[in-house]
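Chemist:
2 protein chains.
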Amino acid sequence: LDYALLVAAFMQDHAQHGWPRQRMLHECLRAAIRNGTLAAGTRLVATRALAAELDLARNTVLYAYEQLACEGFVVSDRRGTVVAGAAADVAAGGSDAVGDSGTAAVPVRALARRARNLRVVPGPADMMGAFVPGVPALDMFPMALWRRLLDRAWRGLGPAQLNYGDQAGEPALRQAIAGHLRASRGVLCDASQVFITDGTQSSLDLCARAFADNGDTVWIEDPGYAGALAAFRGAGLRVEGIPVDGQGIALTAQHSRRRKPALIYVTPSHQYPVGSVLTLERRLALIARARADGALIIEDDYDSEFRHDGPPLSAMQGLAPDAPVLYLGTFSKTMFPALRIGFLVVPTGLAGPLAAMRAQSASRGRVAEQLALADFLHSGQFALHLRRMRRLYRQRRDVLVASLQEHLGAIAEVHGESAGMHLALRFTDDRLRDAEISARLMEEGIVAHALSAHGTAGSRPARSKWNGLMLGYAQIPAELIDGLVRRLAAVVHLAAYAARSAGHRLPPARL
Amino acid sequence: LDYALLVAAFMQDHAQHGWPRQRMLHECLRAAIRNGTLAAGTRLVATRALAAELDLARNTVLYAYEQLACEGFVVSDRRGTVVAGAAADVAAGGSDAVGDSGTAAVPVRALARRARNLRVVPGPADMMGAFVPGVPALDMFPMALWRRLLDRAWRGLGPAQLNYGDQAGEPALRQAIAGHLRASRGVLCDASQVFITDGTQSSLDLCARAFADNGDTVWIEDPGYAGALAAFRGAGLRVEGIPVDGQGIALTAQHSRRRKPALIYVTPSHQYPVGSVLTLERRLALIARARADGALIIEDDYDSEFRHDGPPLSAMQGLAPDAPVLYLGTFSKTMFPALRIGFLVVPTGLAGPLAAMRAQSASRGRVAEQLALADFLHSGQFALHLRRMRRLYRQRRDVLVASLQEHLGAIAEVHGESAGMHLALRFTDDRLRDAEISARLMEEGIVAHALSAHGTAGSRPARSKWNGLMLGYAQIPAELIDGLVRRLAAVVHLAAYAARSAGHRLPPARL
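Quick mapping for you: the protein sequence lines, in order, are chains A and B. Everything in the first sequence is counted per this note's numbering, starting at 2 for the first residue and increasing by one. Everything in the second sequence is counted per this note's numbering, starting at 2 for the first residue and increasing by one.
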């Protein structure tokens, strides 16, 4: 057997891989064993000789032989290296079955249908800067304090706490969260109803899979939160978008005649993306509707900690004892996103079944992080941090609203500014196209999601009244806001000018 | 207030729950507070008196009062326990707003069908001690070193790293993992194919949902890993159990005539639970089969780092370029379970689509933990820890095997001891019933899963040849093993004696 020829032929076929030499030799010999060129029982040439023949370092050859031995293709005896019996037999049988397997790549199988359904909203949330929504003022987070708490938690751990943790989360954290929610959000719960998750996306996933079956219907706000849409579609649910107006999700008589939902997803404290606050009247009506339909409401209270004007509305969950509500919260906004800790509060009757389900499927551990967070809550540091952030965000909001009114008041109005970390800028001039403007802004380095990109109604949506931009402000220093709004306003005014110019757009060069 | 009457009425309404007494009393009092029967400011009767009145142990009453205090429904003062103001206010207000909501509980809606499918294997993995499988020697983990690395990682973070992280995981960790897998497992990959997950359960979830649709078929080893079964059923897949023999999963001609699988789940390095090592011949045949059927193999390589005898077999993923394999690994066994970091290696063509899907749905963050782990790998500490654990586990295995042979050699044989952290003790006497023996052992405080409890074939399984116990040994000090095996052997021999005694069991008192 001419090894040099063998290797040369193989290299020609596989040059595109750019493999290191040892890998190339290993692959080459393996292919030769598989296709029978090197038959069972064949003694491979000695490593030193092959190295000389191929002009390779001996270690390169040794490495390739060792790999083959690891994989069972060759065996070593005192005199050297021999092609194994089993491997060659299989190779002979196998190569018939799969053809030229050396070159047969994985059939480029797309994702499953349900995974393809996960639409990604442009402008990912992992960006920072103006006006990415949902990102808190990370530079104001008390890192040094957090590190100390974390280190203290780690020091207190025994070996048993390195093991799989409680299926619902650390009891200390669940109690701290229950206490916080009762006191600040009017949630009626005890620690046994609280489940720790990796964040809102995990909570949504869990709700969709634990409380609805493939093909069940879920109602979601339209426009609405893309992450929820992704979770529901991924879980095989039939998604129905319900229009949102200035008072939140607006059920009509029409919706009652359709299929009963298993789940109803809402963001009542500060609607995502338009910022409406769901009125008490509608909250109670929604609870009544859910009871009548045997549905569960998913109350995503993500922005509730930041209420800028007026008294806070307490959570829907607490409006009635045993309300049919799955209450979702997260520390991604109040602490920081990379923490990956959120929670889910379920009605008492569902806590047992959910715990049983999670025993098999949950991500159970991260004890130190949970204990440090419990400590952060108990010590009052969390409340202190929240107060500081509320003050800061309110300040930033005030500056942003004033600036938007000054520079864009004529063709847009501010909506949903009373709470949260973002507001909606709604165009009052219908000829403006928010998606086009959002794309232009992205070119300028300004992230401003188009409200129309958050449609959830499916393939034939009615023209939404929500034509405008979603502007996150929590992370933007007040002194930068006016400058950013001027840049944003320039793009919007340009688009408005173009729209007014008899339907045809002027080329940018002339302006 | 007649507490006896109150409790009797409540028990009548809730008899079907089968709650323990303390829970029943707790629920009863809570309901009474919520519906106003026990108004704000009401002083509860003293625990001793109530215990006497209801003929309960005083501890039962104390427990119920403590739970109520935890939940904020009552407060303690020097003289005893009083119904809290806030709790009752909410209850009163709430009941006006929504009608007679005090009694309208959430309709006791069971979990969704797919969630009910998640069967839990008795003897949860969060236990420690003999012979819980899958738990490493946590007391040998270098905690102080890990704390230092973690703290160093935290100190190096800027505010931007508190934000949502990379959808596939931290690049540094993905590179470190790819390097480790190439060198020690023969996996053909680069960092772009590696995705960080929260552990094997997350990886399985992701595979089931990204690469199969509701109703698709998955092949799984029988007996097999309950966590995988749960993930697949939870994702709506049609599960088909394929028998396992001493050489791993054993496909027959019969299986080729059935529905083509979308996924094939195997644990080739050390089959869970019986410990077989999949032969090279079968590995190649399985790859050929997957290619022919357009299926993806999920190779769960969970126990591969601990090979006690003979040369390691390299991963299936590396047996052929672009093998149709999703390779799963975890740090739960090599580091510690509470870490919650695992990984998934996908074929090159699938990395892009999966990243796009994860952009919306992944748990993205935990940067410090990932960087600390990358550091642990790069610095060589991981390899060092692995070497130490390999030596330790091998020692423990040797002691266990010797002890089992001495005390149970006559009626059982050891299987699957060449790798991993557990072995299978297979009963050679067919009259022994592993499930009964496992239950008896549990009463004795010894966790030894019955092999028959890991059946995956569905509702009409053939009588499995795997009748025996799964014994994890990684966390048991060598000097304790013989004593534990003696206790275990006593139970097994007793069962064998009973089985031989003409089919009827002697009452324990006579033995």
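Glycine included, C-beta positions come from ideal geometry on N, C-alpha and C.
With respect to the alpha helix (DSSP H) encompassing Phe-11 of chain B, which residues constitute its N-terminal and C-terminal limits?
Modeler: Where Phe-11 of chain B is concerned, the enclosing alpha helix (DSSP H) stretches over 4-15.
Chemist: Between Trp-220 of chain B and chain A, is there a C-beta pair that is closer than 9 Å?
Modeler: Not closer than 9 Å to any Cβ of chain A, the Cβ of Trp-220 of chain B fails to qualify, so no.
Chemist: For Gly-94 of chain B, which residues from the same chain have a beta carbon less than 6 Å from its beta carbon, with the 5 sequence-adjacent residues on both sides left out?
Modeler: With a pLDDT of only 37 at Gly-94 of chain B, under the threshold of 50, the placement of this residue in the model should not be trusted, and no figure is reported.
Chemist: Please identify the residue among B:His-15, B:Met-129, B:Asn-36, B:Pro-172 whose C-alpha is closest to the C-alpha of Gly-366 of chain B.
Modeler: Of the candidates B:His-15, B:Met-129, B:Asn-36, B:Pro-172, the one whose C-alpha sits nearest the C-alpha of Gly-366 of chain B is B:Pro-172.
Chemist: Under a Cβ-count criterion, where at least 16 other Cβ atoms within 10 Å of its own Cβ denotes burial, should Thr-429 of chain A be classed as buried or exposed?
Modeler: Answer is exposed; the Cβ neighbour count stays below 16.
Chemist: Count the other C-beta atoms from every protein chain shown that fall within 10 angstroms of the C-beta of Lys-334 of chain A, then say buried if there are 16 or more, exposed otherwise.
Modeler: Looking at its Cβ environment, which holds 16 or more other Cβ atoms inside 10 Å, Lys-334 of chain A is buried.
Chemist: Which whole runs of the alpha helix (DSSP H) in the stretch 228-291 of chain A are 4 residues long or more, in chain order?
Modeler: If we require 4 residues or more, the alpha helix (DSSP H) runs fully inside the stretch 228-291 of chain A come out as 254-257.
Chemist: Closer than 7 Å by beta-carbon distance: list the chain B residues that pair up with Trp-467 of chain A, in chain order.
Modeler: Chain B residues near Trp-467 of chain A: none, gap ~21 Å exceeds 7 Å.
Chemist: Does DSSP classify Ile-83 of chain A as helix, strand or coil?
Modeler: The question names Ile, yet the displayed sequence has Val at residue 83 of chain A. Of the three classes helix, strand and coil, the one that applies to Val-83 of chain A here is strand, per DSSP.
Chemist: What did DSSP end up calling Met-317 of chain B once you bin it into helix, strand or coil?
Modeler: In this structure, Met-317 of chain B counts as helix in the three-state DSSP scheme.
Chemist: Skipping 5 residues on each side, what residues in its chain have a beta carbon closer than 6 Å to that of Trp-147 of chain A?
Modeler: Once the five neighbours on either side are set aside, Trp-147 of chain A has no close Cβ partner at all.
Chemist: Start and end of the beta strand (DSSP E) containing Thr-331 of chain A?
Modeler: Taken as a continuous stretch (DSSP letters only), the beta strand (DSSP E) holding Thr-331 of chain A covers 326-331.
Chemist: Using 9 Å as the limit for Cβ to Cβ distance, is Ala-92 of chain A near chain B?
Modeler: Low confidence applies to Ala-92 of chain A: its pLDDT is 41, below 50, so where it sits in the model is not reliable, and the reading given next is rough at best. At least one chain B Cβ lies under 9 Å of Ala-92 of chain A.
Chemist: Please list the residues of the stretch 160-188 of chain A that have a C-beta atom closer than 9 Å to any C-beta atom in chain B, keeping them in chain order.
Modeler: If the cut-off is 9 Å between Cβ atoms, the stretch 160-188 of chain A has Pro-160, Ala-161, Gln-162, Leu-163, Asn-164, Tyr-165, Gly-166, Asp-167, Gln-168, Gln-176, Ala-179, Gly-180, Arg-183, Ala-184, Gly-187 near chain B.
Chemist: Can you pull the chain B residues whose beta carbon is under 7 Å from the beta carbon of Val-136 of chain A, in chain order?
Modeler: Under the 7 Å cutoff, chain B gives Asn-164.
Chemist: Taking Cβ-Cβ distances below 8 Å as the criterion, which residues of the stretch 310-322 of chain B are in contact with chain A?
Modeler: Cβ contacts with chain A: Pro-312, Pro-313, Leu-314, Ser-315, Gly-319, Leu-320, Ala-321, Pro-322.
Chemist: Of all the CB atoms in chain A, is at least one closer than 9 Å to the CB of Gln-202 of chain B?
Modeler: With 9 Å as the cut-off, Gln-202 of chain B counts as an interface residue toward chain A.
Chemist: Report the neighbours of Glu-72 of chain A on chain B: residues whose CB is nearer than 8 Å to its CB, in chain order.
Modeler: Near Glu-72 of chain A (Cβ distances below 8 Å), the residues of chain B are Gly-187, Leu-281, Leu-314, Ser-315, Gly-319, Leu-320.
Chemist: In angstroms with no decimal places, state the Cα-to-Cα distance between Leu-387 of chain A and Leu-393 of chain A.
Modeler: Approximately 10 Å, taken between the alpha carbons.
Chemist: Look up Arg-44 of chain B in the DSSP assignment and give the residues it is bridged to.
Modeler: For Arg-44 of chain B, which the question treats as bridged, DSSP gives the partners B:Val-83.
Chemist: Considering only residues of the stretch 146-170 of chain B, which uninterrupted alpha helix (DSSP H) runs meet the minimum length of 4 residues and lie entirely inside it, listed in chain order?
Modeler: Taking only runs of at least 4 residues, no alpha helix (DSSP H) segment lies wholly in the stretch 146-170 of chain B.
Chemist: I believe Pro-269 of chain B touches Met-317 of chain B by the beta-carbon criterion, under 8 Å. Please report the beta-carbon distance rounded to the nearest angstrom.
Modeler: Confirmed, about 6 Å.
Chemist: Given a cut-off of 9 Å, decide if Leu-405 of chain B and Ala-413 of chain B are closer than it, judged by their beta-carbon atoms.
Modeler: Yes, Cβ-Cβ distance for Ala-413 of chain B and Leu-405 of chain B is below 9 Å.
Chemist: Please list the partners that Arg-210 of chain A has in chain B, where partner means a Cβ-to-Cβ separation under 8 Å.
Modeler: Neighbours of Arg-210 of chain A on chain B, chain order: Ala-113, Arg-115, Ala-116, Gly-235.
Chemist: Look up Val-133 of chain A in the DSSP assignment and say whether it is helix, strand or coil.
Modeler: Here Val-133 of chain A sits in coil by DSSP.
Chemist: Please work out which residues of its chain come closer than 6 Å, Cβ to Cβ, to Pro-134 of chain B, disregarding the five sequence neighbours upstream and downstream, and give them in chain order.
Modeler: Around Pro-134 of chain B: His-423, Met-471, Gly-473.
Chemist: Give me the Cα-Cα distance between Arg-259 of chain B and Pro-224 of chain B, rounded to the nearest whole angstrom.
Modeler: About 19 Å.
Chemist: By Cβ distance below 7 Å, which residues in the same chain neighbour Ala-232 of chain A in space, the five residues on each side in sequence not counted?
Modeler: Counting only Cβ-Cβ distances below 7 Å, and skipping sequence neighbours, we find Gln-202, Leu-205, Asp-206, Ala-209.
Chemist: Does the beta carbon of Leu-259 of chain B come closer than 9 Å to any beta carbon on chain A?
Modeler: According to the sequence as given, residue 259 of chain B is Arg; it is not Leu. By this cut-off, Arg-259 of chain B is not an interface position.
Chemist: Skipping 5 residues on each side, what residues in its chain have a beta carbon closer than 7 Å to that of His-256 of chain B?
Modeler: Excluding sequence neighbours, His-256 of chain B sits near Ile-243.
Chemist: Starting from Gly-366 of chain B, find everything on chain A with Cβ-Cβ shorter than 7 Å and list it in chain order.
Modeler: Chain A residues near Gly-366 of chain B: Pro-338, Ala-339, Leu-340, Arg-341.
Chemist: Once DSSP output is grouped into helix, strand and coil, what is the label at Ala-420 of chain B?
Modeler: In the structure shown, Ala-420 of chain B sits in a strand (DSSP, three-state: E or B).
Chemist: How about Met-144 of chain A: is its C-beta nearer than 9 Å to some C-beta of chain B?
Modeler: By this cut-off, Met-144 of chain A is an interface position.
Chemist: List the residues of chain A whose Cβ lies closer than 8 Å to the Cβ of Arg-148 of chain B, in chain order.
Modeler: Result: Asp-152, Trp-155, Arg-156.
Chemist: Whole angstroms are fine: how far does the CA of Ile-477 of chain B sit from the CA of Val-346 of chain B?
Modeler: When rounded, the distance between both Cα atoms is 32 Å.
Chemist: May I have the straight-line CA-CA distance separating Gly-166 of chain B from Gly-157 of chain A, to the nearest angstrom?
Modeler: Approximately 28 Å between the Cα atoms of the pair.
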